[in-house]
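Protein chains in written order, with the working numbering: chain A, -2 to 39; chain B, 137 to 485. Ideal Cβ positions, reconstructed from N, Cα and C, are used throughout, including at glycine. All figures in this text were calculated on a predicted structure; none of them were measured in a lab. Here is the structure we will look at, set down as C-alpha cells.
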Amino acid sequence: STVVLIFQAPISESPLKKDGSSEFRFCVGAGDRVRVGEALGR
Amino acid sequence: GTNSQGNSFVVPGATVATILMLGALHARRLYDDKKVQEAREQGIEIVFKPDLKASFLQLLPLRSISRFWGSLTSTELPVWMRPYVYRAWARAFHSNLEEAARPLDEYASLRDFFVHTLKEGSRPIDPDPRCLVSPVDGTILRYGELKGAGAMIEQVKGFSYSVSSLLGESSFLPMISEGHMQEDSVKQEKVPGEKIKKSWWRVSLASPKVWEPMSAHPMKGLFYCVIYLRPGDYHRVHSAVDWNVLVRRHFAGRLFPVNERATRTIRNLYVQNERVVLEGIWKEGFMAIAAIGATNIGSIELCIEPDLRTNLPGKKLMHSEPPEERLYEPKGVGLMLKKGDEVAAFNMG
C-alpha cells in the first residue's frame, strides 16, 4: 500500500532571501526508509 | 483403451507445460527486475513504460481476488501453528516480530497478525514542534513542492497525476498560483482546538486564481510526500502533525498492485486504486493524507470512523462516480488529532 501526504507549509518570502528562516525543508531523500514518528521535514 | 491412455498423457503434459510457462514468466520477471536494479544503481532514471502484464491486470477481477485473499487470511489458525506461520511471514517479508504488542499465539489469523499494534514506545514521536513526522513505516518514493498550475505529482519519470484527481474535487485545497500560496489576511493561529476563521475558507473557497498582492504573512507552498509500505511493514497510519480533520472521502476504485513495477507500468495507478482521503487544516494551512489500497491490502480502516468499510462487493467502478464524502462535526472544526495519534490501518481483503 501507499500513503500520499499533501500539506501547506511556509516557503522563503522571496527567491533572493533564501535564509531558510521560516522555509519548510524536507530532511529525507527518495529511497530512504522511514518509521512512524520520525521527522520528514521541518 | 487408447482414449483413456490419451487422457492420461494429456493431463500431465498440460500441467508440465503450464508450470514451464509460469517458470519462464517468473524468470523473465526476475531478469527485468534485475535490469531495473542495475539501471537504478547506474543512476539511470526509471521511465514509465506500460507492458503486456499491466494490460493483462486490467482484465483481472482484482477486487474479488483481494476479498478472497482477505477471507483466506481470516481463517482462524490452531494456536500451536500460529507462531510458525507468523515467523514464516516475518522471514519472507522482513517483519520485526520483536515489536508485536502481543505474544504470537494470541493473533487468531494472519489477517489479525498483519494489522498488529506495536509495543509501547516502539515509535517515539519527534518532539520538535516545527517538524512534520512520517505517518507510516515505509520507503520514501517521491517528495517535493508542488509548483505551477495543475499541481502534478510524478508517478515515475514520464508520467504524472494531478493532486485534485488524487484528493477529489477538494473544496479546501487552496488554489495554486505560480507554485506559491499566499497566506490570506487571516493567519491560521494554532488551529487545533480553535474555531477556524470563516474568512480563510471563504477566501480559499471563492478565491480566484489570481491572488492578492503579497500579504503581510509568509508565503505558503504546497508540498507532497509519497511513502510505499512493503507487505512486511507495520501497517497502521498515524497523524503527521497536530491537525483538525474536516472531511473524509472514500474512492471505491481498482486494486492494482502498487509495487515498483506497477508504478512503472500502470497509468494513473494511485488515482485508479481504492483509497481513503482525509483532509483538514494544521497550523500552517492545508493538510491531507491519502491512504491507497492494493490487491493484497484492499481494506482501509479508520480509527476515527470505525464503521467505514472499503473494498465492498458490487461497487460499480465508474471513474465518473464521485467519492463518498463525509464532513466531520462540528462543522468547520472537525476532529482534532495530535501528532502521532493513530488514524487508520491497512488490512488484507
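- Residue pairing by DSSP places Cys361 (chain B) opposite A:Leu2 and B:Tyr279 in a beta bridge.
- Nearest to Tyr220 (chain B) by C-alpha distance, out of B:Leu240, B:Thr211 and B:Gly416, is B:Leu240.
- The beta carbon of Tyr364 (chain B) is closer than 6 Å to those of Gly274, Thr275 and Leu277 in its chain, skipping five residues each way along the sequence.
- Between the C-alpha atoms of Ile261 (chain B) and Ala244 (chain B) there is a straight-line separation of about 30 Å.
- Taken in chain order, the complete beta strand (DSSP E) segments of 3 residues or longer contained in the stretch 407 to 479 of chain B are 411 to 418, 421 to 428, 435 to 438, 460 to 463 and 471 to 473.
- Annotation: Cβ neighbours of Gly429 (chain B) in chain A (cutoff 7 Å, chain order): Ser(-2).
- Using beta-carbon distances, Ala236 (chain B) does not count as an interface residue toward chain A, since no partner is under 8 Å.
- Chain-ordered, the chain A residues with CB closer than 9 Å to the CB of Tyr364 (chain B) read Ser(-2), Thr(-1) and Val0.
- Of the candidates B:Leu414, B:Gly389 and B:Met423, B:Gly389 places its Cα closest to the Cα of Val407 (chain B).
- Looking only at B:Met472, B:Met355, B:Leu188 and B:Phe184, the smallest Cα-Cα distance to Asp378 (chain B) is reached by B:Met472.
- In the DSSP annotation of this structure, the continuous segment of the beta strand (DSSP E) that includes Ile289 (chain B) starts and ends at Met288 to Val292.
- In the three-state reduction of the DSSP assignment, Phe23 (chain A) falls in the strand class.
- Within the DSSP secondary-structure output, Arg384 (chain B) pairs in a beta bridge with B:Leu414 and B:Arg462.
- Arg403 (chain B) is outside the set of residues whose beta carbon lies under 8 Å from a beta carbon in chain A.
- Rounded to the nearest whole angstrom, the CA to CA distance from Gly476 (chain B) to Phe4 (chain A) is 16 Å.
- Per the coordinates, the alpha-carbon of Asn404 (chain B) lies some 18 Å from the alpha-carbon of Pro197 (chain B).
- Apart from the 5 residues on each side of it in sequence, Cys361 (chain B) sits with its Cβ closer than 6 Å to the Cβ of Tyr279 in its chain, given in chain order.
- For Val381 (chain B) against Ile440 (chain B), the beta-carbon gap comes to about 7 Å, under 8 Å, which counts as contact.
- In this structure, Leu438 (chain B) sits near Ala480 (chain B), with a CB-CB distance shorter than 8 Å.
- CA-CA distance, Asn232 (chain B) to Asn483 (chain B), rounds to 17 Å.
- Apart from the 5 residues on each side of it in sequence, Ser210 (chain B) sits with its Cβ closer than 6 Å to the Cβ of Ser245 and Arg247 in its chain, given in chain order.
- Per DSSP, the beta bridge partners of Leu268 (chain B) are A:Gly38.
- The Cβ atoms of Val383 (chain B) and Glu415 (chain B) sit closer than 8 Å to each other.
- About 5 Å separates the CB atoms of Leu268 (chain B) and Ala376 (chain B); that is less than 8 Å, so the two are in contact.
- For Arg411 (chain B) and Tyr167 (chain B), the gap between their C-alpha atoms comes out near 32 Å.
- Under the Cβ distance rule, Pro260 (chain B) counts among the residues neighbouring chain A, one pair being separated by less than 8 Å.
- Look at Val299 (chain B) here: in three-state DSSP terms it is helix.
- Secondary structure at Arg247 (chain B): helix, using DSSP grouped into helix, strand and coil.
- Assignment of Leu254 (chain B) by DSSP, reduced to helix, strand and coil, places it in the strand class.
- For Pro7 (chain A), the secondary structure class from DSSP, reduced to helix, strand or coil, is strand.
- When secondary structure is reduced to three states using DSSP, Phe184 (chain B) falls in the coil class, being assigned neither helix nor strand.
- Bounds of the alpha helix (DSSP H) holding Val221 (chain B) are Arg218 to Phe229.
- Bridge pairing for Gly274 (chain B): A:Val31 [DSSP].
- Between Met423 (chain B) and chain A, the shortest Cβ-Cβ separation is below 8 Å.
- Between Leu2 (chain A) and Phe23 (chain A) a beta carbon distance of about 11 Å is seen, past the 8 Å cut, so the two are scored as non-contacting.
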